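Below: the structure, in C-alpha cells.
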Amino acid sequence: MSTSTVRFQTGLRPTRIEVDLDAVRANVHHLGALADAEVCAVVKADGYEHGAAPVARAALDGGATWLAVALVEEGIELRDAGLDAPILVLSEPPIAAVPELLEAKLTPTAYREPFLAVLDAAGRQRAAPIPVHVKVDTGMGRVGIPSGELTERLRQVAAADGLDVQGIFTHLARADEPDVDTTDRQLAAFEAALDEAAKLGVRPRLRHAANTAGTLLHPSARYDLVRPGIGIYGLSPAAEVDAAEHGLTPALHLLSEVSYAKRVDAGTPVSYGHRWRAPDDGWIATVPIGYADGVPRALTNRAQVLLGGRRRPMVGSVTMDQLMVWCGDDEPIVGDEVVLLGSQGEETIRAEEWAAAADTITYEIVTQLSVRLPRHHLG
Ligand SMILES: *Cc1c(COP(=O)(O)O)cnc(C)c1O
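Counted the way our numbering counts, the sequence shown spans residues 87 to 465.
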C-alpha cells in the first residue's frame, strides 16, 4: 500500500474496497495451469488499484514466478514491501532512472539503442551482466524494436557482454478479439524475430507474448511465460471475453452503507441538474461514495446497487462524494450495507456491468478507484 493511501485506512469511513486474495491466488493458478507456462503477474497501477503488494504476494502463492510493473517507482514500492521475486518493468524508463532501477534489482525491458548501451556499460563496469528482456514491436505500435530496426538492434544485443538477455517479448494489440488475424500476423512476426535472434546467438530462456486475452484465447501465444494482468483480478479483458466463463473470479468488492434515508413525493427531483424525478411516492437512500472515489459520473441513471438483497437503481447525477438510490416502498435504514460491486443475497454486480454502462473497459473502472477508498485484504 503506497503511503498516500494510508491516511484513509482509518475505519472512519464505511465506504471501502475488500480484496479477496484467495480469488487472486486461484486465478493465477488457473491461468498458469491453462497456459502450461510460467506466470508473470502484472501488478502495475497499484495492482490495478487492488493493492500491489498484497496482490503480488497472493500471485506468488498462486504460482507466479515473476511480477511486472509499468514504472520504476512501482517496482521500488514492491521491494520496500519486502517482495524479492523478479520484477519486470514493462517499458523503458528514462535513462536517468537506471541507477534506481539497478539498485532495486528490477529487470528492465529494453529496445532503444541508447538505453541498451547504458545498461551494457553498467553491466561491464560491474562485471556482472544486467538481466534484461528485449521487447519487439510486432504490430502494437506503442514501444519496442520496430521491424526496420530489428537486425541492427539484435546485433547490438548480441555483442553486449554487459547484458544477460533473459527474455524476449512482444505485446498483442487485438488478442481480445478472437476472430481477427492480427494476432496470427503478430505471432508470425514474433517467430521471425526469434529466429533472427537465435541466428545471432541470442536465445533467451523466456519468450513471451500473451496478456490475459492472449493467454485465454490464443494457445500459440503462450510460449514460456504469460503476462496476465486483468485476469488475475478475475475481470474480463473485453465485453466479448467473459472472465467468469473462463473460470476466473473477481477479487474486488466495493461496499458502503446508507448514510441518509428520506421519503419523497412522486415528482420530487434529485441531485444536480434534476436529471431524475421520483416516479412515485417512496424512499431515497443516500450512499457516501461518488466520482471522486471512482464511480464514473457516466453511470448517472444507468446503474444499480444492491441494498436489502435486491438490485435498486442509482438515481440522479452521481456527485463527487455521494450518490442516491431509489428504494420505492422499501424503507432504507442508515447503516444498511450497500454493495456497489460484488454480491449481496442472490444478486451480483460486476465491474463488466459498469464498464458497459459507462462505455469503457473493466481496466478503467478498477484503475479509477481512488486512494480515498480504504483497501481491506482478506484471505
Ligand atoms: C498491462 C500489460 C499486460 C497485462 O495486460 P492484461 O490485458 O491486463 O492482461 C501485459 N503485458 C504488457 C506489456 C502490459 O503493458
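For glycine and all other residues, C-beta sits at the position ideal for the given N, C-alpha and C. Only a predicted model underlies this, so the values are computations on that prediction, with no experimental measurement involved.
Item	Value
Contact between the region 437-449 and the region 319-338 (3+ Cβ pairs under 8 Å)	yes
Option in R198, V344 and P185 with minimal Cα separation from I370	V344
Which residues DSSP lists as bridging M410, in chain order	T372 and V401
Bridge partners - Q430, DSSP secondary structure assignment	E433
Close Cβ partners of D407 (< 8 Å) along its chain, the five nearest in sequence each way excluded	P374, I375, G376, A378 and D379
C-beta atoms of A138 and E163 nearer than 8 Å	yes
Within the region 281-321, ranges of the beta strand (DSSP E) (whole runs, at least 3 residues)	292-296
Any heavy atom of ligand 1 within less than 7 Å of residue CB: hits in chain order	V128, K130, A154, A156, L176, H257, N297, T298, A299, R313, P314, G315, I316, G317, P323 and Y449
Nearest-angstrom beta carbon gap, A182 and G161 [assumed within contact, 8 Å]	Not really, about 15 Å apart at Cβ, beyond 8 Å.
Rounded distance between the beta-carbons of T256 and L117, thought under 8 Å	About 19 Å separates the two Cβ atoms, so there is no contact after all.
Cβ-based burial, P179 [other Cβ within 10 Å; buried from 16]	buried
DSSP beta-bridge partners of A154	V128 and L174
Within 8 Å, strictly: CB atoms of I419 and L392	no
Same chain, Cβ closer than 7 Å to F201, five either side skipped, listed in chain order	E178 and I181
Helix, strand or coil at V452 [DSSP, three-state]	helix
Opening and closing residue of the beta strand (DSSP E) in which P217 lies	I216 to K221
Burial state of Q211, where buried means 16 or more other Cβ atoms lie within 10 Å	exposed
F201: first and last residue of the uninterrupted alpha helix (DSSP H) it sits in	E199 to R212
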